[in-house]
Each structure stands twice: as structure tokens, then as C-alpha cells.
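Enquirer: Protein chains in written order, with my numbering: chain A, 1 to 45; chain B, 1 to 225; chain C, 1 to 236; chain D, 1 to 251.
The structure under discussion is supplied below as C-alpha cells; questions concerning it will follow.
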Amino acid sequence: MSLFVITYVVFWLAVALYVIRLGSQQRRLQDRLLALQSQLQMPER
Amino acid sequence: MLMVTQFYWMVRKDLVSEYRARQVWPAMLMLGTLVSFLFSAQLDGVVEGRSRIVGMLVWLAIYFAGILAMHRTFAMEQEDDCWDALRLYPVTASWIYLAKFTVNFLTLATLQVVVLGLFVVFSNVPLLDHPLRMLTVALLGNVGLTSVGTLLGGVWTENRQGSTMLAFLTLPLAAPVLLAASEATRLVIDQEGGPLWWRWLSFLVVFSIVFVTAGIVLFELLIED
Amino acid sequence: MQRSDLKIVSARWLTWLVTGLLVAALGMAMRVAPMEQSMGQVQRILYIHVSVAWLGLMGFAVMGVCAMLYLLHRNMAWNRWSQAANEVGWLCSSLTLFTGSIWAHAAWGTWWTWDPRLTTSLLLWALYSSCLILRGSIQESHRSARITSSLALLGLIDLPLVIMATRWFRGIHPTSPEMEPVMHFTLLLNVIGFTLFFSLLFLRRLRQLQTDNLLRKLELEALVNHPYPPLSAAGG
Amino acid sequence: MMTGNDAIRMTGLCKAFHDIPVLRHVHLRVAVGESIAVMGENGAGKTTLLRCLAGIVRWDRGQLWLHGKPVTRSGMSSRDGSRDGASHAESCRDIGMISHACQLYPNLSLCENLLFAARMTGLPHPRKQAHAWLERIGLAGQAQWLPRRLSHGMRRRVSIARGLIHQPSILFMDEPFSGLDRQSRQWLADLLARLQRQQKSICFTTHDPRNADQCADRVLALQNGVLREIATDPNSAHEASHPLIAPRLIA
């Protein structure tokens, strides 16, 4: 019983870690997009 | 006809270079010797299943010492930008692959002679009681390892620190050859020449054909910038 | 390959559908499917194990084919496909080994045995890992793509041989054990649910890689159009 | 100038490394027997341009014809169907490429290096050719030396001989003048002039405007990935106010 539960927990933990990584990557992309937008609006010459 | 002479001169050039500079073979043979020695030392006292262990160790020693040499054949071309010049000659990539394959095959064959000899001396296993069978296994295993090693070595030409990477990248690809060759070697030691032995042999043949063909067809695709 | 093709990824309904399917599949696996006689509860690992094992193989096929397409067309879009497949496939492959190992402990009393399927999946995992390491270790994008694609393609050629070689060692891995219809249905539902779920992850990652590439291009353009210090003064 | 067929014709060639465009829509025409010099700063893409022309590097977009025959994206490539093995060999036999490095095998003697090149290109009487070339570059006495015993200038001569041994009609040279003393430069300039008289088309890169003026019919500048002609008349090059040339002349 316990072995089976542990397996499921670890399994979903691993999947969750990957999803979290995807999420943080997404946030970083959005930050870059914002930075790019502000840069394009106010170009320092 | 031109292709054949080109092939001959490419192989000859590599062998002559190696003979003069001795950059690869001594290091490779030394490594093979040391590894064989260490492996055999650990075998001392093992009574049961010796043949199985020796079968694997022989091929591991050959693999690790050999893969370094395979990387060197391409790294050598890189030295004075000779690789670019070689690609500009009217010669197809397939022939370059075949030439490098031949050089690597000869290199590995030398290593095999040394390693097999050392294992006979050090580990006291009747490896050479069936010389013809052992020769067949050694040849086919050599072709299998060399075809994979040459392909990946060519992909890695530009990379200076590639040899360590190459060793662990090739291993999963070459694993079937190592498995089959080890099993076949075990059967040679145990003097079992039955259908199982033929099965492993045929597997080695299939693997060699597949990867040599892959090399001839794909090499052009893989080395291009 | 185009961004518009991937609009479906962000569709809410799809996410909900997959989530619902997964919950149903897991519920079936954990509660509804009957307990197996000899192994007890641990047998329920089978449902996720088979699903990820299948996905691990599929992922490799996708990676290999995309690598081939990259090598033929030298289009970085294919490399992104192959990278996304590589990452998700590696995850599935790792999970296969993990769940399989626990299964083996429960069923055969050992964490690992040199069974053909186990050996095959270990080598599959090794190939995935090498490709993943390789992707990260080379800076120049096209060279990295070329070398990784070569390895993935050769791996794809190698895989049938690996399966062939390991098969000849006598194995104990069950191929198609007898199961009750409910168990069969549960397994099927799990396989479908996980396939959809990981495909969704794959597509999301793919879109991320595409966005990343687009951003990189735009950032570079912005740099060229609005260089803060004049480039000529800095460069000499 | 545009007599007969063009030796090289290139339209709209684009090449990017790492998503950074190195060549942007490069157009180039070189007539038979013409010599052009390509100038540009370090990293301007001169080497890449030559490597594209020679077919070592695969380019992203654009077309290239050598002597009116189309060349596919990569010289090694034969899968596009337009080139089979034989014609690939033919076009390679027509190109000589002398790279920035000397491209000599360090463990083969000078004679063996030239012999290898001769045999790879399928020349008849390779030994005679190799010796003739050694004679021509003044290193006949050193035929059995290994390249490392020579100075850079002498190695450069051998590498030029290696690239020319199969008598190509189109010649690409990457910075052939760099690292040479005055005497060797003069020797090379004379050689180029003689090749031009033999109706060879030459395309070389250089940093030094004087070499460009001396040896080229036309001087082109590669800047920001765009190729521009900066002086058609070699004599007027000194007055050119092109940013690539002007500062060097003042300094």
C-alpha cells in the first residue's frame, strides 16, 4: 500500500516540477517581452 | 577509379601521419594495456562465471581505449584547417567516411590484438582455443564499434574537448554491439558453437550493415556546416 | 509549425478536458479497478507505468523524426520540435524507470534485473539524457542542433537493434498479462489521458521555445536599431 | 569587363550565424579573368563569403552560379537533384580555395602534401606536377621537409601551391597577404598577375588597401553584411573616402 502511494506521489511531484519549470520559463519570457516593449517605446539615442 | 585512388591516398595519408607522429596508437595501446591489466587483476580468485565476465571486460577495454583513437583521426584533420581542404577535393562525403572508417578499423584491430593477447596472458582464460571463431567475433565487433565511432567522431570534428563527450555519447549507441560481442566471446570461451552463437553473430552482422550503411548515406548530412 | 497552429494549446476547454480525463483515469486506477490478487495494491502502478513507457518510446520517435527533418531542411523550427520532444520524453523515460523499478521490487523482489525491456528502457533513457546534455553544452545554435540531431537520428536507427539484442536474453517482463475487462479499460483510459496530458505539455514547451526564438530575434533587431553606445565607437 | 560568361554570379545570398545575419542579400558578379578584392573589418563576414562561394558553408538564401552552372546550397550536397556526384567533382576541380590557415598536414612532407592534393584532384603525373610547383615556389630543395620547419611565409607559398596544383579556373584566397614580408608579397602579387593573364578569376580578401589596389581590378567592401563596390578604378582607390579605407590611409 505505502509503496504504491509513494510511487504516485513521486510521479506527480516530478511532473509538477516540470510544469513549474515551464511556468517560470513562461514568466521569464513575459518579462523579456515587457522589457522589449519598453525599450522600443523609449529608445535612448 | 578516381574514387578508389582517392580512398587509398586518404587512408595512406592517415597511416603515414600516425606512423611518423605516433600521436594516437601508443596512448591507445597503453590505455588498453593498463585497463586489461586492472580488469584481469580483479578477476583473480573469481571461479564461477569467469567466461561471462571476461567476455564483457575484453570489449569494455577495447571500447574505452578505442573511442579515444577514433576521435583523434578527425581532430587531426582539424589541426591546420585541413578538414575544409579535404571537403573541397572532388570526393564525396561517403568516401571520406569510408576512408576514416578504414583507418579506425585498422587502429582498433591493433588494439584488439594487444588486448586479447593480454587477457590470454593475464586472466588465464582460453580465449584463443577457437582462433577462427574468436577472429570472426573480433572482426564483426570491430566493424560495429568502428562504424558508430566514426560517425559520431565525424560529427564532433570541430570540438576540442570532444573525446570525453564522445566516450559517453557513443556508449548507448554502441551498447548492442558490446552486448552481442561480449555474449559471443563468452560462448567462444565456453566452447559453445551452437545456434545461440550464430544468432549473436548474425546480430553483429546486421548491426554492422545498418551502421556502415547509415554512415555512407548520412555522413554528408551530419558533417555539413 | 506556425504559431497559429498552436492556438489550440491555449484553449481553456482542452486543458479542462485533459484534466477531467486524467482525474477520471486516476480515479479508475486508484479506486474503481479491482485489486489484483497476487500483488495487491502495488499492481496499480501498472497503469501509470505502461502509459509513460509508451510515451517514452513515442517521444523518441518524434524526436528522431524531427531531427531527421532538421538535418534535411536545416530549419531551426524542427530543432525546437525535437527539443520539446526530448525534454518531455526524457521525463517520461525517467518516470518509466522509476515506476518500473518499484514494480520490480514488489513483483520480483528486486529493484533491478537485466531483463530485455529494462535494459532497453535504460538505454533509451541514456540516449535521451545524452541528447539533453548535448543540447545544453554547445553554444552555437546550428552546430548544437546539428550534433544533437545526428545523435537523435542515430539513436532512432539504434533503437530497434537495442530491442532486438536485449530480447535474446531470456526475460521475465510480462508482455500481455491477463486482465479483467475493468482493468483493461482503466489501462486504456490512463494511456489516453497521459498521452493527451504529455502532448499538451509538449505543445506548451514547443510554443515557449518558439516565443523564445521570436523574442531573441526582436531583441537583436532592437539592439541593431537602437544601439545605446554607438557601435563604431565601442568597436574601434 | 563583362566579356563572355561570368565566372561567378551570386544573387541575394543571405547567411546568418546564431540568428545574427552575417551576409545580407549579397550580389556579386566576377567576369572570367577578373580579380576582385573584398575588404572589411574583422568579423565582417569576408571568410564566410568566400566559404559560401567555395561551397563549404551552407547558406540560407540566394543563388550562386559558377561559370553559368548553378551551385546548390552546399558544395557537398547532392540531394537537390541538380548536381550528381560527377558534376560535383567537376565543379570542385574548378575551384581553388586557399584558406587563412595553411591547410598542410603537419606530419607529411611538403612534397607529400602537394602529392596528396594532386592525387585527390585526380591529376595525371602527380609527382611531376608536385615537383614543378615546388620548383616554382622556390622550395625544391626542401621537398622532404615537414611544414613545421618552414617559416610562415614559406608555408604560405606551399599552401598556395596546394590550392593551385589542379589548375582551377576560379580561385578563392582568404587573406593571402597577411603575415608576409615585402618580398613574399611581391612574389604573390606577381603570381596573381600571371594567373590573371591565364584567364583565371580571382577573389581574395585583404586588410591592406595597397594590396587590394595592386592586385585587384575591383575592390569591394563588406560592411554590416552588405557588399559594396568602393573603387572600380584601382588608381582612384586612394582618394576614396570610404570609411574602411580613409582612416587607414590617414594613419
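From the three backbone atoms N, C-alpha and C, an ideal C-beta is built for every residue, glycine too.
Values in this document were obtained by computation on a predicted structure and should not be read as measured data.
1. Assuming aspartate 80 of chain B and alanine 101 of chain D are in contact, meaning their beta carbons sit under 8 Å apart, how far apart are those beta carbons, in whole angstroms?
2. Go ahead and pull the three-state DSSP assignment for arginine 29 of chain D.
3. State the Cα-Cα distance for the pair valine 42 of chain C and phenylalanine 4 of chain A, rounded to the nearest angstrom.
4. What are the boundary residues of the beta strand (DSSP E) that includes glycine 12 of chain D?
5. Strictly below 7 Å CB to CB, what residues from chain D border tryptophan 9 of chain B?
6. Please confirm if methionine 70 of chain B has its CB atom under 9 Å from at least one CB of chain C.
7. To which residues does DSSP link phenylalanine 172 of chain D through a beta bridge?
8. Can you tell me which of B/Leu31, B/Phe74 and B/Val58 puts its alpha carbon nearest to the alpha carbon of serine 40 of chain B?
9. Pull up the distance between the alpha-carbon of glycine 49 of chain B and that of serine 144 of chain C, whole angstroms please.
10. Confirm, please, whether the CB-CB distance from serine 149 of chain C to alanine 67 of chain C is below 9 Å.
11. What residues of chain B sit near glycine 237 of chain C, judged by a beta carbon separation below 9 Å?
12. Under 7 Å Cβ to Cβ from glutamine 214 of chain D, same chain only, skipping five residues before and after it: list those, please.
13. In whole angstroms, give me the CA-to-CA distance for isoleucine 216 of chain B and leucine 171 of chain B.
14. Closer than 8 Å, Cβ to Cβ, to anything on chain C: give me those residues from the segment 208-223 of chain B, in chain order.
15. Which complete alpha helix (DSSP H) runs does the segment 63-145 of chain B hold, if anything under 4 residues is left out?
16. Less than 9 Å between the C-beta atoms of threonine 96 of chain C and tryptophan 125 of chain C, yes or no?
17. Roughly how many angstroms lie between the CA atoms of serine 201 of chain D and arginine 27 of chain A, to the nearest whole one?
18. Taking 9 Å as the CB-CB limit, is isoleucine 20 of chain A close to chain C?
19. Hey, does proline 90 of chain B have any beta-carbon neighbour from chain D nearer than 9 Å?
20. Quick one: list the residues of chain D neighbouring aspartate 44 of chain B, beta-carbon separation under 9 Å, in chain order.
21. Alpha carbon to alpha carbon, how far is leucine 43 of chain B from tyrosine 47 of chain C? Give it in angstroms, no decimals.
22. From the DSSP output, read off the bridge partner residues of isoleucine 20 of chain D.
23. Per DSSP, which one or two residues make a beta bridge with lysine 69 of chain D?
24. From this set, B/Leu222, B/Arg72 and B/Leu140, which residue's C-alpha is nearest proline 26 of chain B's C-alpha?
25. What is the DSSP secondary structure of glutamine 37 of chain A, counted as helix, strand or coil?
26. Which residues bound the beta strand (DSSP E) around leucine 191 of chain D?
27. At a CB-CB cut-off below 8 Å, which residues of chain D make contact with threonine 5 of chain B?
28. With arginine 58 of chain D as the anchor, note down where its alpha helix (DSSP H) starts and where it stops.
29. Got a sec: is the Cβ-Cβ distance from histidine 184 of chain C to anything in chain A below 9 Å?
30. Looking only at its chain, what residues have a beta carbon closer than 7 Å to the beta carbon of leucine 122 of chain C, apart from the 5 residues adjacent to it on each side?
31. Does DSSP classify alanine 192 of chain C as helix, strand or coil?
32. Output yes if chain B places a C-beta closer than 9 Å to the C-beta of valine 239 of chain C; else output no.
33. Report yes if the C-beta distance between methionine 10 of chain B and lysine 100 of chain B is below 9 Å; otherwise report no.
34. Is it buried or exposed, isoleucine 56 of chain D, if we count other Cβ atoms within 10 angstroms and call 16 or more buried?
35. Run the CB neighbour count on phenylalanine 168 of chain B, radius 10 Å, all protein chains shown included, and call it buried at 16 or more, exposed below.
36. Going by CA-CA distance only, name the one from B/Ala180, B/Leu98 and B/Gly154 that's closest to threonine 136 of chain B.
Expert: Checking against the coordinates, here is how it stands:
1. 5 Å
2. strand
3. 5 Å
4. 6-17
5. Phe116, Arg119 and Met120
6. Taking Cβ atoms only, chain C never reaches closer than 9 Å to methionine 70 of chain B, which makes this a no.
7. D/Met97 and D/Cys203
8. Here the closest residue by C-alpha is B/Val58.
9. 44 Å
10. yes
11. In the structure as shown, chain C begins at 1 and stops at 236. Residue 237 of chain C is therefore absent and cannot be evaluated.
12. Ala189
13. 21 Å
14. Val210, Phe211, Ala214, Leu218, Leu221 and Leu222
15. 82-88 and 93-123
16. yes
17. 55 Å
18. no
19. Yes - at least one Cβ of chain D is within 9 Å of the one on proline 90 of chain B.
20. Counting only Cβ-Cβ distances below 9 Å, aspartate 44 of chain B has no contacts in chain D at all, with the closest Cβ about 42 Å away.
21. 43 Å
22. Isoleucine 20 of chain D pairs with D/Phe17.
23. D/Leu66
24. B/Arg72
25. helix
26. No beta strand (DSSP E) contains leucine 191 of chain D, which is instead part of the alpha helix (DSSP H) from 182-197.
27. Arg119 and Gly122
28. For arginine 58 of chain D, there is no enclosing alpha helix (DSSP H), as DSSP marks it with neither H nor E.
29. no
30. Leu97
31. Alanine is not the amino acid found at residue 192 of chain C; the sequence shown has isoleucine there. Per DSSP, reduced to three states, the secondary structure at isoleucine 192 of chain C is helical.
32. One cannot answer for residue 239 of chain C here, as it falls past the ends of chain C, which runs 1 to 236.
33. yes
34. buried
35. exposed
36. B/Ala180
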